[in-house]
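Enquirer: Take a look at the following structure, please.
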Amino acid sequence: MAQPNQQNGMPPQMKPPIYNGVHSSHSSRDSSPHGKNIPLSQLPPRSAIPPTQLPPSRSPNITQQLSQLNINKFNTSTPNQSPNPSGLVSSAFSPIGSTQAPPRTTQAPPTGYNFTQKPPSTQGQMPVITNQQPQQKPPTIQNQVQVPPPNQGQAPPSTQNQMPPPVKNQSFVPPPHNFNSSPINQGQAPPPAQSQMPPPIKNPNFVPPPHNFNSIANQGVAPPTTQGHTQIPPPIKSQSFVLPPSSVINQGVTPPPTQGQGQVPPPIKNQSFVPPPHNFNSSSINQGMAPPPTQGQSQMPPSIKSQAFVPPPHNFNSTPLTQGQSQVSSSQNFSSMQPPPIQGQIPPPNSQIHNNFNSSPSNQGYRPPPNQVQMPPPLSQGYQPPPVETNLPSNQFNNSSPRLPPPGAPKANLHSNRYPQGPPPQQSYNPQAPPSFNPQTQNYPVSAQTQQQFYQQNSVTQSGFNKLWGHDHFDLLQNPNVLPPEKVAPPKVYLGNELLDSANCSPEVFRCTMTKIPESNSLLQKSRLPLGILIHPFKDLTHLPVIQCNVIVRCRACRTYINPFVYFIDTKRWKCNLCYRVNELPEEFQFDPVSKTYGDPTRRPEIKSSTIEYIAPAEYMLRPPQPAVYLFLFDISRLAIESGYLQSACAVLLEELKSLPGDARTQVGILAYDSALHFFGLGEGLSQPHEMTVLEIDDIFLPCPDNLLVNLKDRIDLLTDLLTQLPTRYNNSYDNNSALGAALQAAHKMMGATGGRVSVFQASLPNVGPGALVPREDPSQRASTEVQHLNPANDFYKRLALECSGQQIAVDLFVLNSQYVDMATISGISRFSGGCIHHFPLFKASRVLQNERFERCFRRYLVRKIGFEAVMRIRCTRGLSIHTFHGNFFVRSTDLLSLPNVSPDAAFGMQVSIDETLSDVQSVCFQAALLYTSSKGERRIRVHTLCLPVCATLSDVINAADQQCIVGLLAKMAVDRSMQSSLSDAREAFINVAIDILSSYKMSLNMAEGPTSLLAPPCLRLLPLYISALLKSTAFRTGTCTRLDDRVKAMIDMKTKPLGHLIQMIYPDLYPVHNLEEQPIVLNSEEEPIPQPPHLQLTARCLDSKGAFLMDTGEHMILLVAPGVSPMFLSEALGVRDYMSITDEMYELPVLDNLHNQRLHQFINFLNDEKPAAATLHVIRDNSPNRIEFYERLIEDRVENALSYHEFMQHLKTQVK
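Numbering follows UniProt numbering, with no gaps: position 671 of the sequence shown is 671.
Printed below as a string of C-alpha cells:
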C-alpha cells in the first residue's frame, strides 16, 4: 500500500522520468501534450493499489531453487558446435568464450562516421522474468543502467505473470508496441524480476511515456529498440482516448526507463483527454527510406481490457487475415502465459499501422536525447486488432524475417527494407512442440530454449523467404564454414530486362565492386564500401564479334561508342547512355549484316553484345601500323650462367621462334650483357652471327645502325645458330657485373623508330653503368614488422620507362635471381612502360620443378596474343568520375592510359567517385575502349560496356556488394598505401575496412547482435576470410621471414593480375581427390566427364589421414598424400607400390588405364584449362620435408605471429560497433 507521505502514492525511486521540457534541456514540442492541458478532474485519484493487483511475495528458498538449475544442458555458442546445414566439414575450433560473457559496454562508432555525443542512455529496460523465484541479487551498474542476467529458460508461473487490472474503456484505440528482445546468453542464473503495478499517479503535469520492455541478457548498455518488435502499452482508462504525437527521427531509439525498472506503468484515468495526432514519419534526412509497410509488419496489436473486450484467437497454421476482416473473439486463459514472439517471425497484419522500418542512412549510429519520446501512430477509434493467423518462420542461419512489400510499393523498394533478425540459433536443445502465442502476453520474455525450438522448426520457411527478398544474413562466429562447396560465382547484375541482362558485359572482363551503384556519395560513405571497377580488357575470349564498317557510330559529345544500353528515339536517332545527348543514326547502321535487311537498328551486333571489336578505319591511325618487333636481352654475368637459365630460355625460344605473333614483317634481335654489351649482327650474307662487344657503357652507342634487328623470316637460320651457341658461349665467364641500365638504353635506341617489345632476363643485381644499384636489403630484418625499401632507390628506370612508352616500347622482365636484385627499383622499367614481370626466386635449372615452371611461363609468353601501340580510355556516366588507376601503364591524361603493349594476362583497376547525385537516373554505365595494333598490322578497337542499376537505400548497397571484386580493389589500394606510407598502415587499413563494413551492415539491420554473433550479408561473408588471407600473404605479412624481392613481386601481382588469378593467389583452392570416382561429374566441351569435388577451407581440420588433397595456387599444384590413404589409390591413381614409394621428386602423374587415374587426370586438366599456362605439379608425402609447401598455405590456421581465421573473427567482433 502507498504511504500517505509519498506524492501520488509512489515511492521516489519508482517515479517515471520527466518528459518534454520539464527539467530537460532536450524538449520536443511534438513529442507529447503539455501537462497544463489536462483538467484536474481528469487526473487519477489518490487511491492505493488493491492487494489483488500486487505481485506475489518472494519465496525464501530461492537459493535452493537456483542450485537445481542445470546450466550444462545448454552449450555455449562456439563454432565447433554450430550446425552445419551446408554439408561442409565441421569445425574443429576450440570453444571460445565462457558461459559468463562480460558486460557489454558502449563502443565508439566506426571510423568515418560523425556521431552526436550524448549521455549514456538508460532507457526502457525490463528484467527478464524467470519461471522460478531466484535469489535477489544487487544489479550490476554499468553506465547507470541496471542490467539483469539472462533467463535460464523455464516457463513462467501464473503467480508472477500478473496482468494489469481491467481497464474501462469504451472506445480505446490500441497503439503499436516495440518489444526489444536482446540475445540471451545461456548458462546464467537470473535475478528476480517481477511485474509490479505501481500505485496510481496524481500529477496534473504527468504525461505517460511509452514503454520499452527490453529483455537484456548480460549487457551493460540498453540496446537500441529493434524495428518490428512489439511492446505492451500501459492500461489506460479513457472514454475517448487519442494517442499523443511523436516525432521519431531514429527508429532505433530506446525510450528512457522509469525508476524501478521492470515495472508496468500505472493506470491513468482520463475522461476526455484528447492529445494531438502523431507524426511517425522520419524526417527528410532519412535518405533511401522504403515506403511504410501496411501488412505483415512486426508491430502486434496491444492487449486491451475493455468492458466487452475478448482477445483474438491465434492460429499459426493458416494464412493471415486481410484487411477488413472482422475479429473473431475467443476466451483465453490469462494464467497460462506463453512466451513472446522471437525476432524474425511474421507478426499479424495490421492495416492501420503505417511505420517506416527502413533505417535512416543519415542517422547511422545517432542517439537522440533521453527525453525524446517514441510514440506509435494514431489508430482510428473503435479499431479492433485482427485475429493473428500466421506461421512463425525461423532460421538457423540467423536470417532476418521476411516481409512482403506493401500493396502498390514500387519495385525498386522490394529489396530495400531492412528488418530485424533474431538472435543466433543455439546448438543444443530438447525439441518440443511450439507453444501457442497470445498477444496479451508478449511483454513476457521467452526462454532461450523456446527460442531455439522456434528457430529450428521454422528454419526452412524463414530461409526461403529471406533469400527470396534478400534479407538473410550470415553469422561469421557461429558458422566458421563460410566457403561454399562450389566455386564462388560472380554476382549477377539485374537491370529489369532480360535482354539487357544477357547483353551486359561478362564479369570476367568488366566488374564493379557492387552490382548496384548508390545514388549519392553520402550513401556510398555510409556503406563503407569501396567503389571501383576491375577490367581485363584484352582477355582471350571464345566468342568476340568483329565488325568492319565505314562509320563507327559514336556520340558526338562524349565520343561514347554505341552499345546495347543506348535509347533509340526512332530509327533515325539515338540517345547516349553516358551524357544523354541525342545523336543522328547513320544510314549504314540501318542495315543488318546478318539478315541483310534494313530498318531495325537493334539487330546490329553493336546493340546485341557489350563486348565488340571494330576494325578501325584510317582516321584511327596516327601512322601506318608498325611491324611486330621483338628484342631479347640476356644477362650473362657469372650468377646468370651458374643458374643455367640461359640454356632453358634459348631452347624454348628456338622451339617457338616461328610461332611468334606477327606477319611477314616481324623483326627479331638479341643482345647479351654483363659488364659490357654484346651485340650480334645478323646481316645478309653472313654464315654465322657476328658478335660486337661495346665496353663503353656510360655513354652507350650502337656499333652498327643495321642488322641488329632483322626480319625473322629472312634470317631464321642465323637466329637458330645464335640461339644454339649462346648457352655455351659464355660458360667460362667470371664477370660478376651486370650493366642492365646500359642494355636498356641500347634497346631504346635500337627500337625507337618502330616500337615493340623488349624481353629482359635478369639474374643478378645491376651494379655497373647507368642505373647501377647497391644491395639495400638486410637479411636479418626480413621478419621485422617494419618493412623498408619498398620504393625505388632511384628514378632511373622509371624515367627510362617513360621514354620507352613515348616510343611505343614495352619492357618485360624475367627475374631469375639467386640473390637480392632490388626488384623495387628495376621493376619500374616494366611498370611504367606497360610491360609485365615474371619472378623465379632461387632459380636453378637443375631443379626440375623450377625449370619446368619457367619453361611453361616463357612458352606461353612467346605465343600469346599481343597488341602494340595501345591506348585505353575509360568513360562513365555523367555524375561519376575515375580518380585513381592501378596497373602497369602510363597515364597520359585524366582518362587515357598509354599501353605500348597489351597482353591477355594484364588487368587494371580504377577507383570511382560519385560527384553528383544519381537520383534522376535508373542506371549508370562504364565503357572501356582499347585501341591497339594487332600482330598482323591491323588497327582495332575493342569496346566493353558495363551497365549497373542505381539504388537509394543502404541495405540495397550493402547487399549488392561483390566481395571478390572488393578484395581485388582493396589489394591494389593497399599496395599504394604500403609504398606511400608504410606496410603497417596498409595492414591496419585492411582491418579497418572489415570493421567498417560489418559495422555498417549491423547499423543497416538496426538490431542488437548477440554476444557471440558477428553478422554479415551473404554477399560479404567471405570478405573477412579474404582479408585474413591478405594479411598472411607474401605481400603484406609481417613477423614471417620474407625476402624483400619476393614481397615486392607479390605487390606487383596484386596490381596487375586478373581477378580470378588474384583470388586464387590470395586464397588457393583445396580439393579432396582420393575419391574422385564417387564425386558428381560434369561434361566439358569435348564431352569428357569431369569430377567435381567440393572446395575445402584452408585449415588442417578439413584434412583426413586417409585422404589425398590437391591444392591449386594458380601457377603450381601440390598433391598431399596422407599416410592412411587406400592402397588402391596409391597403385591405380599414382602408380606406386606403397606409400614410401612416393619420392620427393615426383612432379608428374603416370598415365594408367583405370578409373582412378583417368578421373585424376581429367580433373587436373580441367583446372589447367582455365589458366593461361598449365600449372606445375608436385606430389608429396605427409611425412616428407616438402610438406611445408602445403601446410604453410593453410592460412586459416594460426601461423607464427598471425592470428587464425577464428581468432581474427573474434578480434573483429570486439571492434564492430
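Backbone N, C-alpha and C define an ideal beta-carbon position, used for all residues, glycine too.
1) Would you call the CB atoms of P689 and L718 closer than 7 Å?
2) Could you tell me whether the Cβ atoms of A845 and Y645 are closer together than 7 Å?
3) Within 10 angstroms of its Cβ, does G1050 collect 16 or more other Cβ (buried), or is it exposed?
4) According to DSSP, is N583 helix, strand or coil?
5) Using 10 angstroms around the beta-carbon of M1209, count the other beta-carbons present and answer buried if the total reaches 16, otherwise exposed.
6) Give me whichever residues DSSP pairs with Q667 in a beta bridge.
7) Using the C-alpha atoms, what's the distance from P766 back to D920?
8) Using DSSP with H/G/I as helix, E/B as strand and the rest coil, what is G681?
9) Return the chain-ordered ranges of every alpha helix (DSSP H) run that is complete within the UniProt domain "Sec23/Sec24 helical" (962 to 1063) and spans a minimum of 4 residues.
10) Please work out which residues of its chain come closer than 8 Å, Cβ to Cβ, to D721, disregarding the five sequence neighbours upstream and downstream, and give them in chain order.
11) Please classify Y614: is it buried, with 16 or more other beta-carbons within 10 angstroms of its beta-carbon, or exposed?
12) How should Y1067 be labelled, buried or exposed, when 16 other C-beta atoms within 10 angstroms of its C-beta is the threshold for buried?
13) Which residue wins for smallest C-alpha separation from L653, given the options C857, P770 and R559?
14) With DSSP as the reference, label Q911 as helix, strand or coil.
15) Provide the residue(s) that pair with A929 in DSSP beta bridges, ordered along the chain.
16) The beta strand (DSSP E) spanning D1069 covers which residue range?
17) Taking the alpha-carbon positions, what's the D1046 to K1057 distance?
18) Could you check the C-alpha separation between A1202 and I991 for me, to the nearest Å?
19) What three-state label does DSSP hand C951 in the structure shown?
20) Which two residues bound the contiguous beta strand (DSSP E) that contains Y561?
21) Could you tell me the boundaries of the beta strand (DSSP E) in which A810 lies?
22) Thinking just about the alpha-carbon of each residue, which of M1128, Q647, D778 and L709 is nearest to the one in Q725?
23) Could you tell me which residues DSSP puts in a beta bridge with C512?
24) By alpha-carbon positions, which one of N736, L1167, N1154 and I1027 ends up nearest to H1095?
25) When the distance is taken between beta carbons, is F701 closer than 7 Å to A672?
26) DSSP three-state label for G937, please.
27) So the beta strand (DSSP E) T720 belongs to, where does it begin and stop?
28) If you follow the beta strand (DSSP E) that V488 is in, where does it begin and where does it stop?
29) Confirm, please, whether the CB-CB distance from V902 to G867 is below 7 Å.
30) Quick one, which of Q1097, P1080 and M973 has its alpha-carbon nearest I1052's?
31) Check the DSSP bridge columns for P518 and list the partner residues they point to.
32) Nearest-angstrom Cα distance between V758 and G752?
33) From V147 to T1214, what does the alpha carbon distance come to, in whole angstroms?
34) In this structure, does DSSP put K572 in helix, strand or coil?
35) Rounded to whole angstroms, what's the CA-CA distance from H626 to H838? Just pull it up for me.
36) Taking C-beta to C-beta, are F926 and F890 nearer than 7 Å?
Expert: Result, derived from the coordinates:
1) For P689 and L718, yes; Cβs fall inside 7 Å.
2) For A845 and Y645, yes; Cβs fall inside 7 Å.
3) The sequence shown places Ala at residue 1050, not Gly. Under the 10 Å beta carbon count, A1050 is surrounded by 16 or more other beta carbons and is classified as buried.
4) Strand, per DSSP.
5) In summary, M1209 is buried, with 16 or more beta-carbon neighbours lying within 10 Å of its beta-carbon over all protein chains present.
6) According to DSSP, Q667 bridges with V629 and N711.
7) The straight-line gap from Cα to Cα measures roughly 58 Å.
8) Taken through DSSP and simplified to helix, strand or coil, G681 comes out as strand.
9) As far as the UniProt domain "Sec23/Sec24 helical" (962 to 1063) is concerned, its whole alpha helix (DSSP H) runs of at least 4 residues are 963 to 980, 983 to 1005, 1023 to 1031 and 1044 to 1056.
10) Same-chain partners within the cutoff: Q688 and P689.
11) Per the 10 Å Cβ criterion, buried.
12) Classification for Y1067: buried.
13) Proximity to L653 across C857, P770 and R559 peaks at C857, based on C-alpha coordinates.
14) Assignment of Q911 by DSSP, reduced to helix, strand and coil, places it in the strand class.
15) DSSP, once it has assigned bridges, lists R873 and V943 as partnering A929.
16) D1069 -> beta strand (DSSP E) spans D1069 to P1072.
17) Cα atoms of D1046 and K1057: separation of roughly 16 Å, rounded to the nearest angstrom.
18) Distance between the alpha carbons of A1202 and I991 is about 13 Å.
19) Strand, per DSSP.
20) In the DSSP annotation of this structure, Y561 is not part of any beta strand (DSSP E), being labelled neither H nor E.
21) I809 to V815 is the extent of the beta strand (DSSP E) around A810.
22) Of M1128, Q647, D778 and L709, the residue nearest in Cα terms is Q647.
23) Looking at the DSSP assignment, C512 forms a beta bridge with I533.
24) When only C-alpha atoms are compared, the closest one is L1167.
25) No. Outside cutoff.
26) DSSP, read as helix, strand or coil, puts G937 in coil.
27) Counted as a single uninterrupted DSSP element, the stretch harbouring T720 is not any beta strand (DSSP E) but the alpha helix (DSSP H) occupying residues I716 to R729.
28) Judged by DSSP secondary structure, V488 falls outside any beta strand (DSSP E); it is assigned neither H nor E.
29) For G867 and V902, yes; Cβs fall inside 7 Å.
30) Comparing Cα positions, the closest option is M973.
31) Its beta-bridge partners are C951.
32) Per the coordinates, the alpha-carbon of V758 lies some 12 Å from the alpha-carbon of G752.
33) With a pLDDT of 37 at V147, under the threshold of 50, the modelled position of this residue cannot be trusted; read the value that follows with caution. The straight-line gap from Cα to Cα measures roughly 20 Å.
34) If DSSP states are grouped into helix, strand and coil, K572 belongs with coil.
35) In the sequence as displayed, the identity of residue 626 is Gln instead of His. Our two residues, Q626 and H838, have alpha carbons roughly 26 Å apart in a direct line.
36) The Cβ atoms of F926 and F890 lie no closer than 7 Å to each other.
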